[in-house]
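A.B. asks: In terms of my numbering, the sequence shown is residues -12 to 311. Glycine included, every Cβ here is placed at the ideal spot set by N, Cα and C. Model, not experiment: these values are computed from the prediction.
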Amino acid sequence: MGRLVLGVSLTLGALSPAVWVQAQVAAPPTEQPEAEPSEPASDAEPAGEERPPSLSLVRKGKDDKDREILIQRTSASAETGVFALCGPQEDEPENAPSVAVFSETGPEGVRITIDKNVIRVPLAVVTQRTRENGEAGDGRVEASAGTARFLDEVPEGAKERLARCAVEVSPKPAPDTVFVTQGKTQLRGQKLVYDETDGVARIDGPITFARENGEDSLSGKSDRIDVNVDEEKTVLIGNVELRSKGGRVSRAARVEYDDTANLARLYGTPEQPAESVLGKDVFRAGVILYYLDRNEVYSVKPEGGTITGEFQDGESSPATPSTP
C-alpha cells in the first residue's frame, strides 16, 4: 500500500487505520489579500512553525483512573527525524493496534513522559490500542538509541507491520543513551520497554544518576529502573548505591525514589539489610528513609525486623527510628 505524507504536524489520540504522517517542510502559503494588521491570539502558533507530532497511551488502573503516557518528537523537521504511523493492514482485524515510529537526532530527542519522569531517547516504537469507544487506549513502548527511515518501496515478502508500511527501524541500545529527568535528578540507562500487561516501564542498565544539591549532591547506580504507572512509583532495582558529596554511602536491594518529596526509601532483604555508612558510623535496617536535601537517614523497623548500627563518638547525621 502507498503512504500519505502530510506537510503538517498532528497531535494524535486514537489512531485511524492506515494513516501515514511524516514531518515535512510545509507547502508555500497561497497569497491572501492584504488586511489590516491585528494582534495575534495569545495561544496562536507562531507563523511558519509546526507543532511536533505526539501520541498518548492511556492506561486505566484498578482504581478506574486514567493515566497517560505521552510520546512526542521535539522537532517537526524532516532533517532531524521522522514520524510514521501505520494502521491495520488489509488482512488484519480492523481493531488491530496501530504502530507509530518516532525518531529524532536533535539534542532534545524523542520525549516520553511517564508519571514524574521525563525521558529523552533518539528512537521510540509505540504500539497503541484503541478502546471500544474510539478513544486512545494502552499499548507498548520500546525506546533506545537508533534510527528510523522510510523505504522507497515495501520489501518483497514483508510480513512485519512496519516493513509492510515501508518503514525501517534500527534500534541500537547502548549505555547512557536513555536520559531520565525527575526533579533535580538525572539518570541514564540504555533501553526502555513499557508494556500494558503489567503497566511497568522498565529501563535497563547499567543505570547511573546524579542529583545536584550543593554540599549534599548525590551520585549513584543501579541495575535497572522500574516505573510503575498504576502505583505512580519509580524504583531503582538491583545493587543500588547512593553516594553523597558529604561522604555518606548507602546501599540497598531496591530504592523507591521520589525527587519531588526529597525522599528515597531504601529496602533491604532479610539476608542483607539496607545500609548507610558515614565515616565510621554504619547503620543497617530493613527500611531506611533517606532525606535527599538534608542528607539524613532514619530507620523504619519492619515487623519482626531489626535495626543495628556501629557508631563512633562525635557528630554524625541522624540515624534514629521513625515512621514513613
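So Asp246 packs on Thr172, CB below 8 Å; how close in whole Å?
C.D. replies: 5 Å
A.B. asks: Assign Arg116 to one of three DSSP states: helix, strand, or coil.
C.D. replies: strand
A.B. asks: DSSP on Ala63, reduced to helix/strand/coil?
C.D. replies: coil
A.B. asks: Work out the CA separation of Ser206 and Lys47 for me, nearest whole Å.
C.D. replies: 35 Å
A.B. asks: What is the DSSP secondary structure of Arg151, reduced to helix, strand or coil?
C.D. replies: helix
A.B. asks: In chain order, which continuous runs of the beta strand (DSSP E) of length 3 or greater are located wholly inside the segment 118 to 179?
C.D. replies: 123 to 131, 133 to 137, 154 to 158, 165 to 169 and 172 to 176
A.B. asks: If you drop the 5 nearest sequence neighbours on each side, which residues of the same chain put their C-beta closer than 6 Å to that of Glu262?
C.D. replies: Arg238 and Arg271.
A.B. asks: For the beta strand (DSSP E) that contains Asn104, what are its first and last residues?
C.D. replies: Asn104 to Val108
A.B. asks: Quick check on DSSP: helix, strand or coil for Asp367?
C.D. replies: A question about residue 367 goes unanswered here, because the residues of the chain that appear run from -12 up to 311.
A.B. asks: What's the C-alpha gap between Leu276 and Arg54?
C.D. replies: 28 Å
A.B. asks: How is the beta strand (DSSP E) around Arg241 delimited, first residue to last?
C.D. replies: Per DSSP, the continuous beta strand (DSSP E) segment holding Arg241 begins and ends at Val236 to Asp245.
A.B. asks: Under 8 Å from any heavy atom of the ligand SAM, does the C-beta of Val86 make it?
C.D. replies: Within the structure as shown, the ligand SAM is missing, as the structure has no ligands at all.
A.B. asks: Alpha carbons only, please: which of Glu119, Lys159, Val141 and Leu229 is nearest the one belonging to Thr134?
C.D. replies: Lys159
A.B. asks: What do you reckon, are the CB atoms on Leu72 and Asp125 nearer than 9 Å?
C.D. replies: no
A.B. asks: For Val242, I'd like the list of residues in its chain whose CB is within less than 6 Å of its CB, leaving aside the five on either flank, ordered along the chain.
C.D. replies: So the qualifying residues of the chain are Leu223, Val227, Ala251 and Leu253.
A.B. asks: In this structure, does DSSP put Gly207 in helix, strand or coil?
C.D. replies: strand
A.B. asks: Can you find the residues in the same chain that come closer than 8 Å, C-beta to C-beta, to Ala10, ignoring five residues on each side of it along the sequence?
C.D. replies: Confidence is the limiting factor: at Ala10 the pLDDT is only 40, short of 50, which leaves the residue's position unreliable and the question unanswerable from this model.
A.B. asks: Using a Cβ-Cβ cut-off of 8 Å (strictly less than) and excluding sequence neighbours within five positions of Phe166, which residues of its own chain qualify?
C.D. replies: Gly96, Ile106, Arg107, Val108, Gln173, Leu174 and Arg175
A.B. asks: Would you call the CB atoms of Glu129 and Leu179 closer than 9 Å?
C.D. replies: yes
A.B. asks: Going by beta carbon distance, what residues of the same chain come within less than 6 Å of Gln19, once the five residues before and after it are set aside?
C.D. replies: Bear in mind that the predicted position of Gln19 carries a pLDDT of just 42, short of 50, making it unreliable; the figure below should be weighed with that in mind. Excluding positions up to five away in sequence, the list is empty.
A.B. asks: Under a Cβ-count criterion, where at least 16 other Cβ atoms within 10 Å of its own Cβ denotes burial, should Gln76 be classed as buried or exposed?
C.D. replies: exposed
A.B. asks: Identify which residue in Glu81, Pro80 and Asn104 has its Cα closest to the Cα of Ile190.
C.D. replies: When C-alpha distances from Ile190 are compared across Glu81, Pro80 and Asn104, the shortest belongs to Asn104.
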